[in-house]
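Quick note: to get our numbering, add 176 to the position in the sequence shown (first position is 1).
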Amino acid sequence: MKEINIARAILQGRRAKGVTQEELAQFIGVSKASVSKWETGQSYPDITLLPHLAAYFNISIDELIGYEPWMTKEDIRRLYHCLSAKFSELPFDTVLDECNEIIKKYFSCYPLLLQMCVLLINHLHLAPSPDEQTELQLQVRNLCVKIKEESQDVAVVKQAVMIEALCELNLGNPAAVIDLMQGVNDPVLGEEVVLASAYYLTGNVERAKETTQVGIFRHLMGILGDIPNYLMLNTDDYDRYNQIVERTLGLIDLFKIESLHPAILFGVYHTCAQGYAVIGAEDQALDLVERFVNLVCSDIYPLEFKGDEFFDKVRNWFSELDLGVKPPRNEMVLKSDMVDSLIKNPAFDRLRTNHRFKNLVSRLEQNFKK
Numbered sequence: 177m178k179e180i181n182i183a184r185a186i187l188q189g190r191r192a193k194g195v196t197q198e199e200l201a202q203f204i205g206v207s208k209a210s211v212s213k214w215e216t217g218q219s220y221p222d223i224t225l226l227p228h229l230a231a232y233f234n235i236s237i238d239e240l241i242g243y244e245p246w247m248t249k250e251d252i253r254r255l256y257h258c259l260s261a262k263f264s265e266l267p268f269d270t271v272l273d274e275c276n277e278i279i280k281k282y283f284s285c286y287p288l289l290l291q292m293c294v295l296l297i298n299h300l301h302l303a304p305s306p307d308e309q310t311e312l313q314l315q316v317r318n319l320c321v322k323i324k325e326e327s328q329d330v331a332v333v334k335q336a337v338m339i340e341a342l343c344e345l346n347l348g349n350p351a352a353v354i355d356l357m358q359g360v361n362d363p364v365l366g367e368e369v370v371l372a373s374a375y376y377l378t379g380n381v382e383r384a385k386e387t388t389q390v391g392i393f394r395h396l397m398g399i400l401g402d403i404p405n406y407l408m409l410n411t412d413d414y415d416r417y418n419q420i421v422e423r424t425l426g427l428i429d430l431f432k433i434e435s436l437h438p439a440i441l442f443g444v445y446h447t448c449a450q451g452y453a454v455i456g457a458e459d460q461a462l463d464l465v466e467r468f469v470n471l472v473c474s475d476i477y478p479l480e481f482k483g484d485e486f487f488d489k490v491r492n493w494f495s496e497l498d499l500g501v502k503p504p505r506n507e508m509v510l511k512s513d514m515v516d517s518l519i520k521n522p523a524f525d526r527l528r529t530n531h532r533f534k535n536l537v538s539r540l541e542q543n544f545k546k
């Protein structure tokens, strides 16, 4: 899909010259109403007027037309998963070059630029060197700044700010993160409650149920998403750490998260195990490593977001997400990362010679060779 942005170009050009719609209309030889319609996108100038308009604004016809490549949500989703798969099959630099060409071509398609940022952040660790990883994070950060400054889509801008903050954190700029994320702990507005109430009052009870259920699911996933970071902040207090783990495991069992959304638990189980290893609680660390291995070696592939008998109304919401029901990282890359997270993680160094740990790592490696 292509988008013509001549309305924006005429409006910006007229304002830059400091002339009124009436003055522009007189110069071109049309009515003021015609200029007004051009600027609101209700109609386009006659093709014979384009050279005169371009000359008046001192820009090229291409700039006047603002003919920018644009990609639909479905096309972005297909492209994302195609590129994600390529990261598991081709050299990193080859895929990165393709990504950069796409970014250049669609430099004003902000939803696409946002997903390119998501893609690059999720495959950043595959870059051949730390310097290249840093360079890539700078590129992603700059793209996010562009999106934030130019996009009119509030949801896209909000996600761009989040990714920008993540880049700043990884680049060692915590003060910048604090500036970007001020207000993140403001009280939750509960938009889904208001929307569900509106659906209910208009007689759409099923939509009210769906909206409320999606809200519950999002809050539940939000808790599990925050847990790994909270765990690592409490490795200096065994009792507190153990309490967090026990409550987390209880929540997981209560809502049957292993079958509902197993992918979110990879990080939870791994972090639980890592923290216990850091504390020196080896038996508990091994229990969580075993829970991690049992999950990732179970029949959960292909990984897709889905519901269950309790969350039976979230499927439509999943399918409407920017990336659909598939996770942001290709399964081959994800599996390789899970093996590396055990064998290359210094937190597990004290367990390297442990027979149980070695058996679990071996089981994980053998499972992914199938």
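For glycine and all other residues, C-beta sits at the position ideal for the given N, C-alpha and C. As the structure is a prediction and not an experimental result, all values here were calculated from the model.
Local Cβ density within 10 Å of LYS432, reported as buried at 16 or more and exposed below that: For this step, residue 432 is matched to residue 256 along the sequence shown. LYS432 should be labelled exposed.
8 Å Cβ cutoff met for TYR445 and LEU471: Residue mapping note: residue 445 aligns to position 269 of the sequence shown, counting from 1. Residue mapping note: residue 471 aligns to position 295 of the sequence shown, counting from 1. In this structure, LEU471 lies closer than 8 Å to TYR445 by Cβ.
On a Cα-Cα basis, can you pick out the residue from ARG467, ASP459, LEU409 and THR216 that is closest to ASP429? Sequence index remark: in the sequence shown, residue 429 carries index 253 (1-based). Closest by C-alpha distance to ASP429, out of ARG467, ASP459, LEU409 and THR216, is ARG467.
Contact under 8 Å by Cβ, ALA261 with ASN506: As a working mapping, residue 261 is identified with position 85 in the sequence shown. As a working mapping, residue 506 is identified with position 330 in the sequence shown. Annotated as proximal: ALA261 and ASN506, with beta-carbon spacing under 8 Å.
Contacts around SER264, its chain only, beta-carbon distance under 7 Å, and the 5 residues preceding and following it disregarded: Taking the first residue of the sequence shown as position 1, residue 264 is located at position 88. Only ASN506, MET508 and VAL509 meet the Cβ criterion.
Simplified DSSP state of CYS473, which is helix, strand or coil: Numbered from its first residue, the sequence shown carries residue 473 at position 297. Residue state, collapsed to three classes: coil.
Would you grab the beta carbon distance between LEU400 and ILE440 for me? Rounded to a whole angstrom, and I think it's under 8 Å. Against the sequence shown, residue 400 aligns to sequence position 224. Against the sequence shown, residue 440 aligns to sequence position 264. At roughly 5 Å, the Cβ-Cβ gap stays under 8 Å, so LEU400 and ILE440 are in contact.
Residues near MET247 by beta carbon distance below 8 Å, same chain, minus five either side: Here residue 247 refers to the residue found at position 71 when the sequence shown is read from its first residue. Hits under 8 Å: MET177, LEU255, TYR282, CYS285, PRO287 and LEU288.
For PRO478, count neighbouring C-beta atoms within 10 Å of its own C-beta (all shown protein chains included) and say buried if the count is 16 or more, exposed if not. Here the question's residue 478 lines up with position 302 in the sequence shown. Around the CB of PRO478, fewer than 16 other CB atoms lie within 10 Å, so the residue is classed as exposed.
Are the Cβ atoms of VAL501 and LEU540 separated by less than 8 Å? Looking up residue 501 in the sequence shown gives position 325. Looking up residue 540 in the sequence shown gives position 364. It is not a contact, given that the beta carbons lie outside the stated cut-off.
So which of GLY379, ARG394, ALA372 and MET397 has the shortest CA-CA distance to GLU386? Counting from 1 along the sequence shown, the entry for residue 386 is found at position 210. Among GLY379, ARG394, ALA372 and MET397, the Cα nearest to that of GLU386 is on ALA372.
For ARG505, name the three-state secondary structure that DSSP assigns. Position 329 of the sequence shown, counted from the first residue, corresponds to residue 505. In this structure, ARG505 counts as coil in the three-state DSSP scheme.
Please classify SER517: is it buried, with 16 or more other beta-carbons within 10 angstroms of its beta-carbon, or exposed? The count along the sequence shown starts at 1 and reaches residue 517 at position 341. For SER517, the number of other beta carbons within 10 angstroms of its own is at least 16, and it is reported as buried.
Is the beta carbon of ALA230 closer than 8 Å to that of ILE223? Within the sequence shown, numbered from 1, the residue matching residue 223 stands at position 47. Within the sequence shown, numbered from 1, the residue matching residue 230 stands at position 54. Contact: no.
Out of curiosity, what's the CA-to-CA distance linking ASP459 and GLU274? As a first step, residue 459 must be located in the sequence shown, where it is residue number 283. As a first step, residue 274 must be located in the sequence shown, where it is residue number 98. Going by the C-alpha atoms only, they are around 46 Å apart.
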